[in-house]
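K.L.:
Going from the sequence shown to our numbering is simple: count from 1 and add 964.
To start, I am sharing the structure in question, which I have written as structure tokens.
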Amino acid sequence: DRGTLLVSAADKVSNLRSIAADLADADVGERIFDRFNGKKWGTLWYYRALADVFCKFDGKHTRLAQELNATIDRLAGGLDAATLLARFDEEQTVLVRQR
């Protein structure tokens, strides 16, 4: 329902703001993605996919969905969900080979 979309969008924007802040922090930077199972590309794909879904619905969460999309655009260099997913697959292949 729309209330759930609003809460979920607010949570995702808050999480992505934290990721962006950690990326800007020289002491953390790209290592922020080591905290996530999806690493960099899987995490960015996840947020891009959610932003795409949130943008399909009208409601009070629309501004949050737009902020989520803008932040993902900035962090992922404007890559779409399909490209991010392909990069995630490549990243996972490299990780498997390293083991």
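The beta-carbon is built from N, C-alpha and C at its ideal position, and this holds for glycine as well.
Predicted model, so just to flag it, every value in this text is computed and none were measured.
1) Going by Cα to Cα distance, which pick from D1016, L1028, R1012 is closest to G1041?
2) Is the separation between the beta-carbon of V992 and that of D986 shorter than 8 angstroms?
3) Where do the N-terminal and C-terminal ends of the alpha helix (DSSP H) with K976 fall, by residue?
4) In three-state DSSP terms, what is K953?
5) Identify every run of the alpha helix (DSSP H) within the segment 993-1042, keeping only runs that are complete inside it and at least 4 residues long; order them along the chain.
6) Is L1059 near W1005, with beta carbons less than 8 angstroms apart?
7) Short check: CB of A1015 to CB of N1033, under 8 angstroms?
8) If we count the other Cβ atoms within 10 Å of its Cβ and call it buried at 16 or more, is D1021 buried or exposed?
P.N.:
A quick look at the data gives this:
1) Reading the sequence shown from its first residue, position 77 is the one you call residue 1041. For the residues D1016, L1028, R1012, the minimum Cα distance to G1041 belongs to R1012.
2) For this step, residue 992 is matched to residue 28 along the sequence shown. For this step, residue 986 is matched to residue 22 along the sequence shown. If you check the CB distance, V992 and D986 come in under 8 angstroms.
3) Reading the sequence shown from its first residue, position 12 is the one you call residue 976. Its alpha helix (DSSP H) spans residues 966-988.
4) What the structure shows of the chain is the stretch from 965 to 1063, and residue 953 is not part of that stretch, so it cannot be assessed.
5) Every alpha helix (DSSP H) of 4 residues or more that sits fully in the segment 993-1042 is shown, in chain order, as 1003-1018, 1026-1039.
6) Position 95 of the sequence shown, counting from 1, holds the residue named residue 1059. Position 41 of the sequence shown, counting from 1, holds the residue named residue 1005. Not in contact: L1059 and W1005 (Cβ atoms no closer than 8 angstroms).
7) Residue mapping note: residue 1015 aligns to position 51 of the sequence shown, counting from 1. Residue mapping note: residue 1033 aligns to position 69 of the sequence shown, counting from 1. It is a contact, given that the beta carbons lie within the stated cut-off.
8) Taking the sequence shown and counting its residues from 1, one reaches residue 1021 at position 57. Per the sequence shown, the amino acid found at residue 1021 is Phe instead of Asp. Counting Cβ neighbours within 10 Å, F1021 comes out exposed, since fewer than 16 surround it.
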